[in-house]
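Report on the structure given below.
Chains as they are written, first to last, in UniProt numbering: chain A, 1 to 213; chain B, 1 to 473; chain C, 1 to 259.
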């Protein structure tokens, strides 16, 4: 008998012989998700962008409003200048970003271990928690969101979702990526005496360029 | 039978004598308690969310075989290799074999209590593999050569001064100052090369999502993704009770987990890992292995400890436990401390080794009050006491004394007589209202005085009064 | 002595005195009698009562605990209500008795019936009888500790406070960590005396910080623990059961004082 068989035998022994059909189990699982508004926090504001911004800022994320995608390089330049950083960054190899006019900013696709700045694109934002969602893929290395000290993320307003369940629904049935990552504020730790320190292993700074009006 | 008991009491006594430990525990658990209270107050739906969380866990537990098969099928379809371990030894062997097959020299590890439970740190050392703990707290205790003392803050027993001392010796170059921010920067620099140079990254899982086959990690530091992305191989070790039906169910539990653990609303990094690197992916491991561990869990499924399988490892029970807050985690002697540890340790280590844990509890019920999935922890601890009594693990003196007391208490007239004699004897032992020393209850009078009884029991006085009422004027 | 005669139409209440009150501080039992009669109850004290069985229950000795449960049910089940000056013993009857006897065909239903009519005294006075003390005065400052079993097993929190608010001259001061265990825990305090002492010391410090003259609580076990620690520390805090104050009996000696 393999361990797998032993484990299943022990489970079936404990749960008894009368087992529900898969459809019945699925129906029961679906009931457990009904009426989600009864068990989740209300949005911090009626407007999704406002709710998102309130939650994100509370965690130390900074936000800049940009009217359209064409305005992203200039907004990034503003951020780099304000932080006293040179005009250079690791750029996510995404088509939507590649088409922008990066004149005056040195972009590179590679990531150094101590990369100062990385710029990426969020697939969605979640208003409930101020979270950004990224998926790994050919056009998105995971480490872009973790190695740089400054992580700058472009989020389009029309990609804002109210709640976490809305993200689950948005990807339901689609083939999941290797990594789906919800980023909620800069990296932090409270491991030394409970004192909060930013920039533990991941980015110490998370800056969102909220695009659209 | 007496040796382990002494061991627990000795560990507890050592902890109580450690003034720095008390300060460290108070700082972290006090903060956690305040932040959790604020997070719950800001979430009026918490009670309803808790009922849902409990129902989700109960649903999965009741259909555990169904969901395990579904998870295995979907994880395998995503390209992960699923392994099954009946116990800790098998889990260690599987992980070690994967490491050796990959000719791994350096392994990074993202905090996982299950890894501690199965003894992974030692197993890797025995196999000659360098292990680097990447969670800051785990990094601290690795430098100190210790085990975690809390399931959320493993190094909470260490003050900042002690951490500074460890980093001074362990970091090259040592941190420039002793404030937490500088020390965290130093760890960041120290660990960066390890992250990128590791052959294998090992993580745990906060959730196993059945309908996608994904494993989910949550961290605030970002160390999980830096552990699981750069190496060639990603190994997940997870208990079989971590299953959830779908991503949406995971979110429902995550809301409870984060608020209960740290008082936050969402962890900084919540990541679903779904198989190895895809064709064309910019980064990610070439292999993903998922080791599903039983180690006593199927036994709990069939006995009175089934509700414990709901546990989502938030640590709220220990943050709110008066005993934990006095003695800290190491005194418990197992992988898991506090109330949840007192229930789990006898499952993992045997009751004879750990019978003290269920007794070293005042049954005040605060742990159950804050548990985000409604585990009746005092009831489960009482169940261990019942087993301990049935299996005759309790000291003989207690069995005889309690038996004698029960014999008397079951005979009301004899009980009255014994009470009358008892209170008079007790009265003789004291003066001016208090008894300062009781030979049969030294545990009481070593630390506090005993109020001297009035001299006549209530029943004596009541009967006399009733006789007076009935008598003619 | 009761100030009023029992109401012949009032509910028939069985008073479970508790073993600690019987032995250590009978005045709490008389305070209970008095308050129940003031509230309009016909009170009796069944003579076959001894202990609720908690020492056995908490030691894992379920057989003896069940035997004492049966004995207690037999002694009280003829009453309309069973009332106790202890949340801990009341919680045992309400929650543990039905569990202990769940598999006993002769007793399971009787245990459930008993549980349904068992009450801690302050909750019985407020929730069932609608009682409020009248014309009582105590010029003092006091703080209140929520004993854990009453608070978490029975939801006793508002009732004692509502009753104490009716006492003229009594000023209540908030206690930091009022809902945190005092370290008593029944047999816990003698099995693990050093851990218990550390917890109780923290509690005593919090009580002393209030500066209140009196400490009030609803369970004699917890009160003996806290009073004994406060006295050992040399604190001047005087300790009473809540119902002693409600019954106007706090002008006499406090726990550990002799009149």
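Using N, Cα and C, we set each Cβ at its ideal position, and we do this for glycine too.
Cut-off 8 Å between Cβ atoms - residues of its own chain near residue 115(C), not counting five sequence neighbours on either side: Taking the third chain and counting its residues from 1, one reaches residue 115(C) at position 115. Cβ within range, chain order: 93, 94, 95, 97 and 98.
Residue 389(B) versus residue 426(B) - alpha carbon distance: Locating residue 389(B) in the second chain gives position 389, counting from the first residue. Locating residue 426(B) in the second chain gives position 426, counting from the first residue. Between the alpha carbons of residue 389(B) and residue 426(B) lies a gap of roughly 29 Å.
Residue 74(B) - DSSP class collapsed to helix/strand/coil: Within the second chain, numbered from 1, the residue matching residue 74(B) stands at position 74. Secondary structure of residue 74(B) (DSSP, three-state): helix.
Interface flag, residue 23(B) vs chain C, CB-CB below 9 Å: As a working mapping, residue 23(B) is identified with position 23 in the second chain. No, its Cβ sits nowhere closer than 9 Å to a Cβ of chain C.
Beta-bridge pairing of residue 288(B) - partner residues as DSSP gives them: Mapped onto the second chain, residue 288(B) falls at position 288. Beta-bridge pairing by DSSP links residue 288(B) to 234(B).
Inter-residue spacing [alpha-carbon to alpha-carbon] between residue 2(B) and residue 19(B): On the second chain, residue 2(B) is found 2 positions in, with the first residue counted as 1. On the second chain, residue 19(B) is found 19 positions in, with the first residue counted as 1. Legend: pLDDT at residue 2(B) = 41, less than 50; position of this residue unreliable, no value from coordinates given.
Residue environment, residue 23(B), which counts as buried when at least 16 other CB atoms sit within 10 Å: As a first step, residue 23(B) must be located in the second chain, where it is residue number 23. The residue is exposed, with fewer than 16 neighbouring Cβ atoms inside 10 Å.
Status (buried if at least 16 other CB within 10 Å, exposed otherwise) for residue 113(C): Looking up residue 113(C) in the third chain gives position 113. Sixteen is the threshold: since fewer than 16 other Cβ atoms of the shown chains lie within 10 Å of the Cβ of residue 113(C), the residue is exposed.
Neighbouring residues, chain C, relative to residue 451(B) (Cβ below 8 Å): By one-based count along the second chain, residue 451(B) stands at place 451. Residues of chain C whose Cβ lies closer than 8 Å to the Cβ of residue 451(B) are, in chain order, 24, 25, 224, 227, 228, 255 and 256.
Residue nearest to residue 78(C) in terms of C-alpha spacing, selected from 126(C), 194(C), 238(C) and 117(C): Residue mapping note: residue 78(C) aligns to position 78 of the third chain, counting from 1. The residue from 126(C), 194(C), 238(C) and 117(C) with its alpha-carbon nearest to that of residue 78(C) is 117(C).
Residues near residue 28(A) by beta carbon distance below 8 Å, same chain, minus five either side: As a first step, residue 28(A) must be located in the first chain, where it is residue number 28. Same-chain partners within the cutoff: 20.
Which residues DSSP lists as bridging residue 106(A), in chain order: Counting from 1 along the first chain, the entry for residue 106(A) is found at position 106. The partner list for residue 106(A) (beta bridge, DSSP) reads 88(A).
First through last residue of the beta strand (DSSP E) which encompasses residue 124(A): For this step, residue 124(A) is matched to residue 124 along the first chain. Its beta strand (DSSP E) spans residues 124 to 126.
Chain A within 9 Å of residue 529(B), Cβ atoms only: The structure shown does not extend to residue 529(B), since chain B spans only 1 to 473, so no value can be given for it.
Amino acids of chain B, ordered along the chain, whose beta-carbon sits closer than 8 Å to that of residue 241(C): Position 241 of the third chain, counted from the first residue, corresponds to residue 241(C). From the beta-carbon of residue 241(C), no residue of chain B is found nearer than 8 Å; the closest lies around 12 Å away.
N-terminal and C-terminal residue of the beta strand (DSSP E) that residue 328(C) is part of: Here chain C covers residues 1 to 259 and nothing more, so residue 328(C) does not appear.
Stretch pair the stretch 92 to 103 of chain A + the stretch 166 to 185 of chain A: three plus CB contacts closer than 8 Å: By the C-beta criterion, the stretch 92 to 103 of chain A is judged not to be in contact with the stretch 166 to 185 of chain A, since fewer than 3 inter-stretch pairs fall below 8 Å.
Residue burial classification, residue 35(A) (beta-carbon count within 10 angstroms, cutoff 16): Residue mapping note: residue 35(A) aligns to position 35 of the first chain, counting from 1. Classification of residue 35(A): exposed, given that the 10 Å Cβ count is below 16.
Among 7(C), 244(C), 34(C) and 71(C), the one whose alpha carbon lies nearest that of residue 410(B): One-based indexing of the second chain puts residue 410(B) at position 410. Nearest of 7(C), 244(C), 34(C) and 71(C) to residue 410(B), Cα basis: 71(C).
is_contact[residue 59(C), chain B] using C-beta, thresh 9 Å: In the third chain, counting from the first residue as 1, residue 59(C) sits at position 59. For residue 59(C), the answer is yes, since a Cβ of chain B falls inside 9 Å of its Cβ.
The stretch 151 to 167 of chain A in contact with the stretch 134 to 154 of chain B per 3-pair CB rule at 8 Å: Taking a cut-off of 8 Å on C-beta distances, the stretch 151 to 167 of chain A does not touch the stretch 134 to 154 of chain B, as fewer than three cross pairs fall below it.
Residue 421(B) burial status per 10 Å Cβ neighbour count (16 or more: buried): Start at 1 with the first residue of the second chain, and residue 421(B) comes out as number 421. So residue 421(B) counts as exposed.
Pair within 9 Å by beta-carbon distance, residue 81(A) and residue 154(B): Here residue 81(A) refers to the residue found at position 81 when the first chain is read from its first residue. Here residue 154(B) refers to the residue found at position 154 when the second chain is read from its first residue. No; because the gap between Cβ atoms is not below 9 Å, this pair is not in contact.
9 Å Cβ cutoff, residue 33(C) in contact with chain B: Working through the third chain from its first residue, we reach residue 33(C) at position 33. In terms of beta-carbon proximity, residue 33(C) lines the interface with chain B, with at least one pair separated by less than 9 Å.
Residue 239(B) burial status per 10 Å Cβ neighbour count (16 or more: buried): Stepping through the second chain from its first residue, residue 239(B) is reached at position 239. Buried: at least 16 other Cβ atoms inside 10 Å.
Outcome for residue 48(C) when other beta-carbon atoms lying within 10 angstroms are tallied against a minimum of 16: Indexing the third chain from 1 puts residue 48(C) at position 48. With fewer than 16 other Cβ atoms within 10 Å, it is exposed.
Cα-Cα separation, residue 473(B) to residue 466(B): Position 473 of the second chain, counted from the first residue, corresponds to residue 473(B). Position 466 of the second chain, counted from the first residue, corresponds to residue 466(B). Interpretation of residue 473(B) is limited by its pLDDT of 47, a score under 50 that renders its predicted location unreliable; no figure is taken from the coordinates.
Nearest-angstrom beta carbon gap, residue 114(B) and residue 204(B) [assumed within contact, 8 Å]: Looking up residue 204(B) in the second chain gives position 204. Looking up residue 114(B) in the second chain gives position 114. The distance from the Cβ of residue 204(B) to that of residue 114(B) is about 5 Å, consistent with a contact at the 8 Å cut-off.
Reduced DSSP category for residue 174(A) - H, G, I as helix; E, B as strand; rest coil: Indexing the first chain from 1 puts residue 174(A) at position 174. DSSP places residue 174(A) in coil when its eight states are reduced to three.
Buried versus exposed, by CB contacts within 10 Å (16 or more), residue 114(A): Translated into the one-based positions of the first chain, residue 114(A) becomes position 114. Flag for residue 114(A) reads exposed.
The stretch 15 to 32 of chain C contacting the stretch 348 to 366 of chain B, beta-carbon criterion three pairs below 8 Å: No: fewer than three Cβ pairs fall under 8 Å.
Residues near residue 226(B) by beta carbon distance below 6 Å, same chain, minus five either side: Your numbering for residue 226(B) matches position 226 in the second chain. Excluding the 5 residues flanking it on each side, residue 226(B) has same chain C-beta neighbours closer than 6 Å at 195, in chain order.
Touching by the beta-carbon criterion (3+ pairs, under 8 Å), the stretch 53 to 63 of chain C and the stretch 371 to 388 of chain B: Of all C-beta pairs linking the stretch 53 to 63 of chain C to the stretch 371 to 388 of chain B, three or more are shorter than 8 Å, placing the two stretches in contact.
8 Å CB neighbourhood of residue 231(C) in its chain, flanking five on each side removed: If you number the third chain from 1, residue 231(C) lands on position 231. 256.
Contacting residues, own chain, Cβ-Cβ under 6 Å from residue 150(C) (five flanking each side not counted): Taking the first residue of the third chain as 1, we reach residue 150(C) at position 150. Cβ within range, chain order: 87, 120, 156 and 218.
Beta-carbon proximity list for residue 32(B), same chain, < 6 Å, skipping 5 on both sides: As a working note, residue 32(B) is residue 32 in the second chain. Answer for residue 32(B): 319, listed in chain order.
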